[in-house]
Each structure stands twice: as C-alpha cells, then as structure tokens.
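Numbering (the working numbering), first residue to last: 9 to 425. Note that CB positions come from ideal geometry on N, CA and C, so glycine has one too. Worksheet: the structure to be examined is printed underneath.
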Amino acid sequence: MNRTFSPRDAAPVYDVEAIRRDFPILAERPYGKPLVYLDNAASAQKPRRVIERLTHFYEHEFANVHRGLHYLANASTEAFEGARESVRRFLNAESTEEIIFTRGATEGINMVASSYGLAHIDEGDEIILSLMEHHSNIVPWHFLRERKGAVIKWIEVDDDGFFSLEDFEKLITPRTKIVALTHMSNVVARPVPIAEIVKIAHAHDVPVLVDGSQGAVHLDVDVRALDVDFYVITGHKLYGPTGIGAVYGKRKWLESLPPFAGGGEMIETVTRETVTYGVPPQRFEAGTPPIAQAVGLGAALEYMENVGRGAIRAHESVLTRYAHERLSAMPGLRVYGRAMDKGPILAFNMDDAHAHDIATVIDRAGVAVRAGTHCAQPLLSHFGVSSSCRASFAMYNTLGEIDRLAEALERARALFA
Ligand SMILES: Cc1ncc(COP(=O)(O)O)c(C=O)c1O
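Right, here's the structure in full:
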C-alpha cells in the first residue's frame, strides 16, 4: 500500500518517556485528565535536576555572594560563578566576563537599550527592528524614541516571518545606530539568519542585539560564530527558574558602556562627590543578584546539554511537522507561519471562534495552550487579527499529545460551528 510518509512514522530520536519522568509536573491531572502542556514558548517546565539543585543550594550553600569571608559565602559564590561559566559554555562566549546576569530577557534588553542609548543614541538616530519582535524588544527602543527623539525603522516580514537581506540593507543609513532582532519569533518561529544580518550591519559599522529568548531554546547558539554584539536569553524558557536571564555582550561594549542600574556590587569607589564603577560583568549587576535562580539556570543548561541540543531539536522538529500535518488538515483553522525550518511553535485561529474561547474549551480536556497577543501586536496586526491561540512544544512533548490537541480542537470546532 502506498501511503505518504508522515512525521509519525519517523524513528524516535530518544526515549521521550524517560525524559518525561524527569519532569514531575507532567504527572499532574488537571480536571482528572492527563496534562498536555503545550505552553512552552511562554515558560517551560522544570526537570527534577533543577528543582533538586535549588533545594540543595538553599539547604547547604546559601549566603550572599562575593566579598564574603566565611564558608557559605564562598560556597555560594562558587555556585553562582559556576552558573556563569555554564551560560558562557552554552553560548560559546569567550569569557565569563562577557556574561551578565539579569532577571530575564526583558531586563536584559532594557539594560542594553538604556546603556547603549545613553552613550550612542541622539535625536534623529535610527534603530532597526523587525515587525515580528516581542514587545520586550520593541518598548525599550520606543523609550529612546520618546526620550531622545530616536527613529525606529521596521523590517517588514511576510506571513512566514521571511524578509530579504537586500530589503534589510536598504534600511541602513549613516544614522543607523543599532539593529535589534529576534533569533526566532515567538509566533511564526522562523529562524532569522543572524550571521548574515550581522555581516551586513557590521559592514556599515552598526552593532546587532539578538533577542534569543526563543532562539536559544531551539537553535544552536555560538555568539562568536554569529559575531553578535549582544545576545539575550531568559532562564524560564530554558527549563530553568523564573527571575533569571543573561546578556552576552562583546567585551569592547561592556567595557565602554555606562552602567544601567546603580547600587552595591557595581562600584569601585563611592565618595561624597564621586563614584567610579567596577569592571564588567559586576558593573552591570547592581545589588544582590538572583543567586539561587542563576544556580538553577546552570543546572537547566547542563540538563539540556546532557539530553543533547541536537537531539532536542530533532525531536521538536518531528513534533512541529506532525502538528502542522494534523492542524492543516482541519477545515476552518488558519496557522500563522509555515516555514519548513520553523521552530516548535504553532499559532492559529479557528473560524467563528475567539482564541480565548478555544483555549478555555480545550483546557477542560487537559490541553494547555496560550491565547492572546503573545506580546507581538505589530505582527498580529500584520495578520489582521488581535489574538490567536499558540501551541508550543518542548523536549518532553509527544506525538500522542499532538493527537490530543487535534482531538480537543475538533471537539471545540463542533461546539462553535
Ligand atoms: C521572543 C521573546 N522575547 C522576549 C521575551 C520576554 O522574556 P521574559 O518575559 O522572560 O523577560 C519573550 C517571552 O515571551 C519572547 O518570547
């Protein structure tokens, strides 16, 4: 019998059931139904290794970091700085001095926009963004528009999140001061060709910030190979705790930019009349940092590396292709973004039904998806909608769960038809 090949027929990349057992929350049964957690682009669940690392840290190692002269201060500092090394390795940065801990991607982008903007952006200077940025990579630049008279120029994208490099280069002028782009949109999920963008921008002496909130979860990231100036990540999407993220910044920028926040830890000297600042990364880490959260993030990155980032990507790619196959076959369902190489994120709407209603109905079947603007209003306006549902997959999701999503959507469609 001749049947077309389905991603369902692919040989398993790894033992997904073994991975699922590492994530205790996946055994939950909302409304008495097995949990189908498909809201990973908003936040991923945590493996036991991360949870146990946090418990161990609080039970055996916790104290404030740096400058401590007692046993626990040293243990805590060692764990915290060890996490910085895990982030350095994950991004392949040259030095831990180029890794700044933040509370998340939002704070990271605000930090760069504020420090870089203070030093380098004046009235009439131009900032290039794409239409598919998350609000976290739009609003901090709007601040510079409002406060300094900067001009934001937009890269238009097509329905799959594609734009041509020629069109991008045409936006660059002698007034362009920075390009800030996502590595992967949290709606259409097409990987952005960052290395090529950076080559073009650098040929015009323009630095590039990359929002890696989604990209770092689903793509290999090598900040040296990409040659990016700033790369921002957020821990809770990388199977780590909330309240932690990091900015990679090239040494030449971190050494020359003014600090973002002021306080303890980031200074060299303070007198009545003067203040001098410490060296990076401490210059950008004012106050007590999120210590345990950083340690938890380090454990999460190590967990991902142990499973294998290539294996996770291969598994997620099968899930994505299968979800497209199932959802595309459904009449009245519109999927946003259909690039072949897209990441494991599927935004969609159903005819005659509001996204919130769909999400609420399928939640009763135990299927957790997000519905709303996904903090990407400019992109949703491009599609002519004000909200959508979004299913997003992680290393622990299964083909069977996609069947559960499709069945729940079928039942929802029958309700709203
Ligand atoms: C592409 C993108 N950028 C930035 C963010 C903001 O991340 P956080 O809320 O962790 O700061 C998100 C989170 O949804 C995102 O998907």
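{"Item": "By DSSP, does residue 32 sit in helix, in strand, or in coil?", "Value": "helix"}
{"Item": "Using only alpha-carbon positions, find the residue among 397, 420, 153 and 18 that is nearest to residue 372.", "Value": "420"}
{"Item": "State the DSSP-derived secondary structure class of residue 330, mapped to helix, strand or coil.", "Value": "helix"}
{"Item": "Counting along the chain, where does the alpha helix (DSSP H) carrying residue 116 start and finish?", "Value": "113–128"}
{"Item": "Out of 71, 355, 281 and 18, which has the shortest C-alpha to C-alpha gap to residue 197?", "Value": "355"}
{"Item": "Let me know the secondary structure DSSP gives residue 312 once reduced to three states.", "Value": "helix"}
{"Item": "Are there three or more Cβ pairs, one per stretch, closer than 8 Å when the stretch 327–335 is compared with the stretch 128–144?", "Value": "no"}
{"Item": "Just the C-alpha distance for residue 113 and residue 170, rounded to the nearest angstrom, thanks.", "Value": "23 Å"}
{"Item": "Based on the DSSP output, what are the partners of residue 235 in its beta bridges?", "Value": "Answer by DSSP bridge pairing: none, since residue 235 is not bridged."}
{"Item": "Which residue marks the beginning of the alpha helix (DSSP H) containing residue 369, and which one marks its end?", "Value": "363–371"}
{"Item": "If you drop the 5 nearest sequence neighbours on each side, which residues of the same chain put their C-beta closer than 7 Å to that of residue 340?", "Value": "358, 359 and 421"}
{"Item": "Nearest to residue 51 by CA position, among 381, 246 and 254, is which residue?", "Value": "246"}
{"Item": "Using beta-carbon positions only, say whether residue 231 and residue 100 come within less than 8 Å of one another.", "Value": "yes"}
{"Item": "Enumerate in chain order the residues of its own chain whose CB-to-CB distance from residue 124 is below 7 Å, with the five nearest sequence positions on each side excluded.", "Value": "186 and 265"}
{"Item": "Helix, strand or coil: which one does DSSP assign to residue 259?", "Value": "helix"}
{"Item": "Taking only three categories from DSSP, how would you classify residue 94?", "Value": "helix"}
{"Item": "Rounded to the nearest angstrom, what separates residue 158 and residue 47 at their Cα positions?", "Value": "35 Å"}
{"Item": "To the nearest angstrom, how far is it from the Cα of residue 2 to the Cα of residue 320?", "Value": "What is shown of the chain runs 9 to 425, which leaves residue 2 out entirely."}
{"Item": "Quick check on DSSP: helix, strand or coil for residue 136?", "Value": "strand"}
{"Item": "Leaving out five residues before and five after residue 26 in sequence, what residues of the same chain have Cβ atoms less than 8 Å from its Cβ?", "Value": "none"}
{"Item": "Given a cut-off of 8 Å on the beta-carbon distance, is the pair residue 376 and residue 45 in contact?", "Value": "yes"}
{"Item": "Could you say if the stretch 306–315 and the stretch 243–261 meet the contact criterion of at least three C-beta pairs nearer than 8 Å?", "Value": "yes"}
{"Item": "Using 8 Å as the threshold, is the stretch 194–209 in touch with the stretch 332–351, meaning 3 or more CB pairs across them?", "Value": "yes"}
{"Item": "Hey, residue 49 and residue 336: beta-carbon distance below 8 Å or not?", "Value": "no"}
{"Item": "Have a look at residue 222 and residue 34 and give me their C-alpha separation to the nearest angstrom.", "Value": "21 Å"}
{"Item": "Less than 8 Å between CB atoms is the rule here; does residue 211 satisfy it with respect to chain B?", "Value": "Among the protein chains of the structure shown there is no chain B, as only one such chain exists."}
{"Item": "When DSSP labels each residue in this structure, what does residue 253 get in the three-state scheme?", "Value": "strand"}
{"Item": "Apart from the five residues on each side of it in sequence, which residues of its chain come closer than 8 Å, Cβ to Cβ, to residue 272?", "Value": "294, 295 and 296"}
{"Item": "Mind checking residue 23: buried by the 16 CB within 10 Å criterion, or exposed?", "Value": "exposed"}
{"Item": "What would DSSP say about residue 10, mapped onto helix, strand or coil?", "Value": "Residue confidence is low: residue 10 scores 42 on pLDDT, short of 50, so the model does not pin down where it sits. No coordinate-derived value is stated."}
{"Item": "On the three-state DSSP scale, how would you describe residue 396?", "Value": "strand"}
{"Item": "To the nearest angstrom, report how far apart residue 299 and residue 88 are at their CA atoms.", "Value": "6 Å"}
{"Item": "Residue 374 and residue 54 - do their beta-carbons sit closer together than 8 Å?", "Value": "no"}
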